[in-house]
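For reference, the structure is listed below as structure tokens.
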Amino acid sequence: MPASTNGTAASLANLPSRIAPADAAAGSLRLSAVDVGSNSIHMIVAQVDADGGVTTLWRMKEPVGLGRISFPSKRLSKEAIDRAVVTLGRFQRASILKQAEKIVVIATSAVREAENGGDLIERVRRELKLRIKVVNAPEEARLIYLGVRHAIAIDDPHLIVDIGGGSVEFMVGDEQDAPLLESRKLGAARLTGLFIKSDPISAGDLEAVETHIANEMAPLIEKIKALNPVGAIGTSGTLENIAAMTGGLFAEPASDHTLGTIDAKPLEKLAKKLIKSTAATRAEMRDLDDQRRDQILAGVLVIRHVFKTLGLKQMKLCGAALREGILVDYFERKRPDIEVRREVPDPRRRSVLDLCRRCDWHKSHSMHVAMLTLALFDELRNLHKLGAMERELIEYAALMHDIGWHIGRKGHHKHSQYLIEHGRLRNFTDDEINIMAAIARYHRKALPRKEHRPYGEMSKESRRVVDVGAALLRLADGLDRSHAGAVTGLTCDRRKNRVNCKLQTRADAELEIWGADRKRDLFERVFEKTIEFEA
């Protein structure tokens, strides 16, 4: 079972911290961020609503132990891979239940360094259809920095430390930038596997691991000192566990979102206690996580070295880390999409407009043609008898009718059909997509025929929507022949065998009337009436 779940609000810098509703709201963006670490797999589901408010909706954590034997063997065990796949499947189902639109999965050192890490990636892709992105060490540090920076105000430069199973990330940064993003292969699982062979740890093993830490850290310590950090922030399960064991973990997060502190004197006392401990005595230690019994000493030795060499008296703990950084990074890159969601809360319309933008559409012409198409639809409602759902599809087809120009001028109506069919439109059925694609195709050139695909495969009802939609779209496209928006509105006078269409114009519209007259063939076949235009 997951070790922890909650639904607390998370405030991200540059985004308002107002708490968003827990239900999926119009205009919101939901993301699931998954961190495949050396010890555990973590997931967070968060939402940015239409006003920019950010809410953490769900957290899950499950120990998997990918790095338990991969350091130093450099191979993931079959059992660990099995556990990881099962856990990711469970997290995927939870993400879907929480209505996350996208699941971003990041893997770090255990998968990055394993000779068979690709086996896990391929199996997850094959069985769960999830893509695992393996990040390099500097990118991992950058994401952790983003997560911490967006949870805690860092006005002045601070050292940030994250102790994982395979690596330890060191960052120095403030609210604006992080000039130092470094990683060292000093993770708790790695050091334990490489150096700690005795129980309790022997003097030789202790000297070996401390010497290794000092050698790896020496150049980095000088870089950190040169940047003059005014304080230190820690993040990771290992550091939280150390804080709990030293009595520095708060019952509730503080007003500045810190979870607690690690202080120098209690840390030194804990280090001495762990050096003397055996596996049996550690099993009885209060506040020591069962999953960290064998690795906690290595983590303590690393952070004790940082305290000693930098002269630290205290380190604050932050609950945000890599997975929060994934969220921040994604939301920042998707900020234009969030802005669109504020303006266009309807997800179907938003999906259509997104495809139009991806295809470099002629916005003013397309929107004007869509307006004229709907004006004709509404004026002739008593003739075609179609309803609101059909009206929506016809409008969207009109908006997309010219996106085929993105491929080429010649045959652009067929290009439009292809792009609509394959444009990854969301929240539409296949039948609705085919209807819109067919309407766009028939806005010029050949009229619909049953030997055309997919028109001939459609139901009679769907073909009727295509016939009516394409007939009106052809006229509307003709009425903006000059792409100048000369026709601003219209009314239709319906008679027995004829429709008189009176146009409101803001300029000479002779070219527009000529264009519509040339494209009235489908209208007259579908409605069995002639149509005449008058400015």
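Just so you know, the sequence shown maps onto residues 132 to 666 in my numbering.
For each residue, glycine too, the CB sits at the ideal point set by N, CA and C.
Runs of 3 residues minimum, wholly inside the segment 581-632: which ones carry the beta strand (DSSP E) assignment? 618-625
Whole-angstrom distance between lysine 541 and glutamate 193, CA atom to CA atom: 56 angstroms
Name the two residues that bound the continuous alpha helix (DSSP H) containing lysine 354. 334-357
Going by beta carbon distance, what residues of the same chain come within less than 6 angstroms of lysine 494, once the five residues before and after it are set aside? none
Going by C-alpha distance, which of Asp491, Val437, Gln422 is nearest leucine 351? Val437
Boundaries (first-last residue) of the alpha helix (DSSP H) holding phenylalanine 301: No alpha helix (DSSP H) contains phenylalanine 301, which is instead part of the beta strand (DSSP E) from 299-304.
Reference leucine 380; option with closest CA among Leu207, Met446, Ala241: Met446
Spatial distance of arginine 488 from glycine 535 (CA atoms): 12 angstroms
On the criterion of 16 or more Cβ atoms from any shown chain inside 10 Å, does asparagine 170 qualify as buried, or is it exposed? buried
Could you have a look at arginine 637 and say whether DSSP puts it in helix, strand or coil? coil
So which of Glu399, Lys407, Ala529, Leu604 has the shortest CA-CA distance to serine 333? Lys407
Determine the DSSP secondary structure at proline 288, reduced to helix, strand or coil. coil
Do leucine 261 and valine 242 have their beta-carbon atoms positioned less than 7 angstroms apart in this structure? no
Contact check, leucine 290 vs proline 360 under 8 angstroms by CB: the rounded distance? 4 angstroms
Does the distance from the CB of glycine 568 to the CB of leucine 503 come in under 7 angstroms? Before going further, note that residue 568 is alanine rather than glycine in the sequence given. No, Cβ-Cβ distance for alanine 568 and leucine 503 is not below 7 angstroms.
According to DSSP, is valine 235 part of a helix, a strand, or is it coil? strand
At the level of alpha carbons, what is the spacing between glycine 600 and alanine 501? 11 angstroms
Does DSSP put glutamate 193 in a helix, a strand or coil? strand
Could you check where the beta strand (DSSP E) with glycine 249 kicks off and where it finishes? Run containing glycine 249: none in the beta strand (DSSP E); it sits in the alpha helix (DSSP H), 248-259.
Spatially closest choice to methionine 348 from Lys627, Ile275, Thr440, Ala357, by CA coordinates: Thr440
Cα-Cα separation, histidine 544 to aspartate 509: 25 angstroms
Taking all protein chains shown into account, decide if methionine 520 is buried (16 or more other Cβ within 10 angstroms of its Cβ) or exposed. exposed
Pull the bridge partners of serine 163 from the DSSP assignment, please. Val176, Ile234
Three-way DSSP call (helix, strand, coil) for threonine 409 in this model: coil
Figure out for me which residue from Leu428, Glu526, Gln426, Cys449 has the closest Cα to the Cα of leucine 390. Cys449
I need the straight-line Cα distance from lysine 516 to arginine 480, nearest angstrom please. 23 angstroms
CA-to-CA distance, alanine 410 to glutamine 422, given in whole angstroms: 12 angstroms
Could you pull out every residue in the same chain whose Cβ sits closer than 7 angstroms to the Cβ of alanine 268, ignoring the five residues on either side in sequence? Ser298, Ser314
Let's see if you can read the secondary structure: which residues bound the beta strand (DSSP E) around alanine 363? 362-366
What separation, rounded to the nearest whole angstrom, lies between the Cα atoms of alanine 153 and lysine 650? Residue confidence is low: alanine 153 scores 37 on pLDDT, short of 50, so the model does not pin down where it sits. No coordinate-derived value is stated.
Limits of the alpha helix (DSSP H) - the one that phenylalanine 222 falls within: 209-228
Please classify glycine 335 as buried or exposed, where buried requires at least 16 other C-beta atoms within 10 Å of its C-beta. exposed
Counting only runs of 4+ residues fully inside the segment 498-549, write out the alpha helix (DSSP H) ranges in chain order. 512-515, 519-531
Proximity to glycine 430 [Cα-Cα], best of Ile469, Val195, Ala319, Leu610: Ala319
Threonine 187, buried or exposed, once every other Cβ within 10 Å from all chains shown has been counted against 16: buried
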